[in-house]
Each structure stands twice: as structure tokens, then as C-alpha cells.
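Numbering (the working numbering), first residue to last: 105 to 437. Just so you know, even glycine gets a beta-carbon here, dropped at the ideal spot from N, CA and C. Since this is a predicted model, take the numbers as computed values, not measurements.
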Ligand code: TYM
């Protein structure tokens, strides 16, 4: 039987190779597997948990949509839309916020990271953000949610919330607890400048990430400058975890070439870093440049992008509004 897939990406600009390898590339693979029904959402309601400039936000919603399309998500096969077009996400989120417990949310490590030292100044939205994410998933009865490693805890929470709702209202199996789809390898792509930090949109150094809109020369330059160490390339994976930068670059190479880490290690053992980096840069350019060219092209046609979102929004709305109506009935509204 096919899977019901839901996933989302925040339109906060600077989508990067981590987003591609950890999430978007898998969105495309899942879409292309027979029988799957996929919903891919540009989660603009999530984006406003941090302050956004309205004009830049609008631009980023279109850019993220263009990235989906340029990466191979097909609006005929999958539903593509932005979250704010479908009111059920906000409504469902409120209801589920009354199910989730403070203690559960207090454990979320991403909130702690994002809120930083001064928690009191973080928005309330940032705190309850995993509840909105839960509503996103549960409204579509998603069976599987492809994400990077950093979203694992949020998915566990969504399972807990689904189960508590079903239990509280004696509605067995009404909300479906989703399975995370996290790749075993390559689910956490690290910064090119520090292999102990994940590649991130918010890193102040642009050299730390490959943006999906980077040109060929930028990609080559960033890989050339990527941090490595003074030892030769490894012959096996024994001590690789102690060499996070090298592990990360070999991981990127493996993921984009579709081969195992072991094969990549064998391919480059005994070779020097300049040779490896050259091959890696060629591969990243080969895979990412066509996407970046297509994003640029698509972005010029804003009305095309807006039509895709609107059409997707209608399809998403017909699913999500029904589910939220059923939720309301169960609650006693
Ligand atoms: P976001 O927008 O931060 O990231 C989008 C996707 O990219 C993955 N990712 C990475 N994977 C590997 N290595 C990295 N360095 C890396 N950085 C980011 C993320 O794990 C994610 O899969 N809360 C979510 C968006 C969301 C969502 C949802 C996801 C909202 N509702 C419902 C799934 C289902 C987020 O902020 O992702």
C-alpha cells in the first residue's frame, strides 16, 4: 500500500544543501514511488515565529516553492501549497495546543537552541511551534514524514499528542500517529566550517553552507575553503566520527552520488584532499547548479508560482478542513 506523506519547509531564505539532502531530495523520491500521496507545504505560519519583513517573507515563500519545483516536485503528482492558505492549520493547532502538556514542550531542544539565553524574549509562537507542526501532519492523516534528524523530537511529540487526543476523547485511531522517515546516513549535514555544527540558514558565515541558489563559482569556492584536517583521507570508517569535517564531506559526496559511505571511502583512500575536493565540487555543481538555474528562472514568473500555490491550497484545504470539522465534532463543538 502507498504511503501518505506530509512534510514542510520554512520559507526563511537561504535554503541549503542540508535542506536538500536531509529533506527535499527525499520528497522527490517519495513522490516518484508508485502509490504514495504526497503533500509538501511551505510553512509560512512557522516562519513568523521569528520577526519577518513582509516583502522578504512573500519573496521567500515564492523562492521555497520554486525550490520545490526546481528540485523535481511535480504539482500534478504532489500537493504544493503554503500553510497560511489553509485555516485548518491554525484551528487544529489551537485544539491540539489544549491537548499537549507544558512539560512535553519544555523538553523541546530546538526551542532551547532557538530561544537562546534570553527565553523570556522568545515569541510564544516559537514555544508552541511543535504543536502547529503536529497539526500540519495530523490533518492529512500522514503515515510518514520525511525530515532531517533535527526534527525527530518534534515528530515524537506529534505521536504523543495524537495518542492523547484519541484517548481523552475515546476516539481510537482518529488521529494517526505518524512515522518519521529519517535517513540512516546523511540526515544531518554539517557546516562546511565546523563539522560539529549543523549546516544552517542562520549561520552568519555564508561559507558555512552551499545555498541552493549559489552559482557554480560560489560552490567551487566554498568547497575549496571547506575545513578539513591534516591527516590523509581515511581507509575505513573506524575513526571517522572523530573527524567530523571529513565525515561530513564524504557524506555529502555519498548522498549526492547515491553510493554508500563505504564506497566513497574506498574511492578516495590514499588520495589527497585537493583531488577529493575537486571531485566533490564537480559533483555538487552537477547536482545543484541545474536547480539553482531553474529556481532563478521560475522566480521571475511570480504569477505561475502563485497559481501553483493557490491550486495546491484548494486541494489541501479540502482535506484539512474536513479533518478539523471532525475534530470539532468529537470535542463537542
Ligand atoms: P526547516 O525549514 O528548518 O528545514 C526543512 C527540512 O530540512 C531539514 N534540515 C536538514 N537536514 C539535514 N541536515 C541539515 N543541516 C538540515 N537542516 C535542515 C529539516 O530537518 C527539515 O526536514 N519544523 C520544520 C518544518 C515543518 C515540518 C512540518 C516538517 C513544519 N511543519 C510538518 C515536517 C512535517 C522546520 O523548521 O524545518
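Item to complete: Report yes or no: do the region 239–255 and the region 273–284 share at least 3 C-beta pairs separated by less than 8 Å?
Response: yes
Discussion item. Would you say the beta carbon of residue 253 is closer than 8 Å to some non-hydrogen atom of the ligand TYM?
Written reply: yes
Worksheet item: Under a three-way DSSP split, which group does residue 466 fall into?
Response: This structure leaves residue 466 out entirely; the chain is present only between 105 and 437.
Worksheet item: Does at least one heavy atom of the ligand TYM sit under 8 Å from the Cβ of residue 369?
Response: no
Fill in: Collapsed DSSP secondary structure at residue 183 in the structure displayed
strand
Worksheet item: Start and end of the alpha helix (DSSP H) containing residue 351?
Response: 348–361
Worksheet item: Which residues in the same chain have their Cβ closer than 6 Å to the Cβ of residue 360, if we skip the five residues on either side of it in sequence?
Response: 387 and 391
Discussion item. Helix, strand or coil for residue 144? Go by DSSP, reduced to three states.
Written reply: strand
Worksheet item: Can you tell me whether residue 416 is buried or exposed, with buried defined as 16 or more other CB within 10 angstroms of its CB?
Response: buried
Practice prompt. Would you check whether the ligand TYM has a heavy atom nearer than 8 Å to the C-beta of residue 302?
Written response: The answer is yes for residue 302.
Worksheet item: Would you say the region 133–140 touches the region 163–171, given that touching needs at least three Cβ pairs under 8 Å?
Response: no
Fill in: Contacting residues, own chain, Cβ-Cβ under 6 Å from residue 165 (five flanking each side not counted)
115, 146, 148 and 186
Practice prompt. Using alpha carbons as the reference points, say which of 288, 382 and 336 lies closest to residue 320.
Written response: 382
Discussion item. Taking 8 Å as the cut-off, is the C-beta of residue 52 nearer than that to any heavy atom in the ligand TYM?
Written reply: Past the edges of the chain, shown from 105 to 437, lies residue 52, and the structure says nothing about it.
Worksheet item: Could you give the residue range of the beta strand (DSSP E) that holds residue 193?
Response: Premise fails: residue 193 lies in the alpha helix (DSSP H), 192–201, not in any beta strand (DSSP E).
Discussion item. Helix, strand or coil for residue 258? Go by DSSP, reduced to three states.
Written reply: helix
Discussion item. Short of 6 Å in beta carbon distance, which residues of its chain neighbour residue 351, apart from the five on each side in sequence? Order them along the chain.
Written reply: 344
Discussion item. Buried or exposed for residue 105, going by 16 or more other Cβ atoms inside 10 Å?
Written reply: exposed
Practice prompt. Run the CB neighbour count on residue 372, radius 10 Å, all protein chains shown included, and call it buried at 16 or more, exposed below.
Written response: buried
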